[in-house]
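Using our numbering, read the sequence shown as starting at 1152 and increasing by one per residue.
Structure record follows, encoded as structure tokens.
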Amino acid sequence: MKIVLATSNPNKVHEINEMIAGRGIEFILPPEGFDPVENGETFEENSLIKAKAAWEISKTWTLADDSGLCIDALGGKPGIHSARYAETPQKRIDRVLRELVGVEDRTAHFECCMTLINPQGNVEKVVKGICEGSIAYEQRGEHGFGYDPVFLLKDSDKTMAELTDDEKNKISHRSKALRGILEYLSINAR
Ligand code: ITT
């Protein structure tokens, strides 16, 4: 079974395919022309916008993921603006570290909302996944992507970027949401 993953981020396709390896499902990038305007105000709204946009051009099973980093001391920012918080991944990390200079409460979480649309264009399932942690004082680790090097896992001294792909895939916000989707599709999740 092939499912279009409504994203233009190949890292997400790679990560999700690693999580479901051997289950007879393959996630693929949308056909050319996928360019949704992510103007929703929540992860749920943006995930629905992306799912619908990919369904419009593929007319098949479609899964969208909208995710981001929410930092308590910044009132939940960067949140839905995580991908656009600055020009490059490194500048986005730098901005977060700069905004937290002198801040002691550094609790944060990654959030992911997934929306599954069937070939008829109806929403089949919406699932949310959360991964709790805090923001480190400096970046560490080479794995993962995005804010992983500054995201300290709860009850651990490691950043998300210090985990192997396999370790991240067991605990991430995205894997938690995906498990709900796989359960819905009646496939045993890990
Ligand atoms: P699409 O919209 O095309 O799916 P995107 O990367 O812009 O790609 P989002 O709108 O969902 O995806 O934005 C998510 C951003 O949040 C992403 O670019 C990262 O900066 C951050 N993010 C999400 N999940 C993450 C993870 O597992 N590790 C690190 N950063 C993550």
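Positions of the beta carbon are idealized from the N, C-alpha and C atoms, including for glycine.
Proximity test, residue i beta-carbon vs the ligand ITT heavy atom, cut-off 7 Å
i: PHE1178; result: no
i: GLY1227; result: no
i: MET1170; result: no
i: LEU1220; result: yes
i: MET1311; result: yes
i: ARG1330; result: no
i: ASN1160; result: yes
i: GLY1297; result: yes
i: ARG1246; result: no
i: GLU1192; result: no
Range covered by the alpha helix (DSSP H) that runs through residue i
i: LEU1329; result: 1324-1335
i: ILE1167; result: 1161-1170
Exposed unless 16 or more other CB atoms sit within 10 angstroms - verdict on residue i
i: ARG1341; result: Note that ARG1341 scores a pLDDT of 37, beneath 50, so its modelled location is shaky and nothing firm can be said.
i: ASN1339; result: Low confidence applies here, because ASN1339 scores a pLDDT of 38, under 50, leaving its location unreliable; read the following figure in that light. Label assigned to ASN1339: exposed.
i: ALA1328; result: buried
i: SER1307; result: exposed
i: ASN1273; result: exposed
i: VAL1155; result: buried
i: ASN1190; result: exposed
i: ARG1235; result: exposed
i: GLU1289; result: exposed
Cβ separation of residue i and residue j, assumed to be a contact under 8 Å, to the nearest whole Å
i: ASP1216; j: LYS1276; result: Not confirmed; about 13 Å, so no contact.
i: GLY1230; j: GLY1219; result: 5 Å
i: ASP1212; j: ASN1160; result: The residue you asked about is not Asp; residue 1212 is Trp in the sequence shown. Going by Cβ atoms, the distance from TRP1212 to ASN1160 rounds to 19 Å, so no, they are not a contact pair.
i: SER1233; j: THR1258; result: The Cβ separation is near 16 Å, so there is no contact.
i: ALA1312; j: HIS1294; result: 5 Å
Continuous beta strand (DSSP E) stretch holding residue i: start and end
i: GLU1275; result: 1274-1286
i: LYS1153; result: 1153-1156
i: LEU1304; result: 1302-1304
**Request:** Let me know the beta strand (DSSP E) ranges lying completely inside the stretch 1176-1263, each 3 residues or longer, listed in chain order.
**Result:** Within the stretch 1176-1263, the complete beta strand (DSSP E) segments at least 3 residues long are 1177-1179 and 1213-1222, listed from N- to C-terminus.
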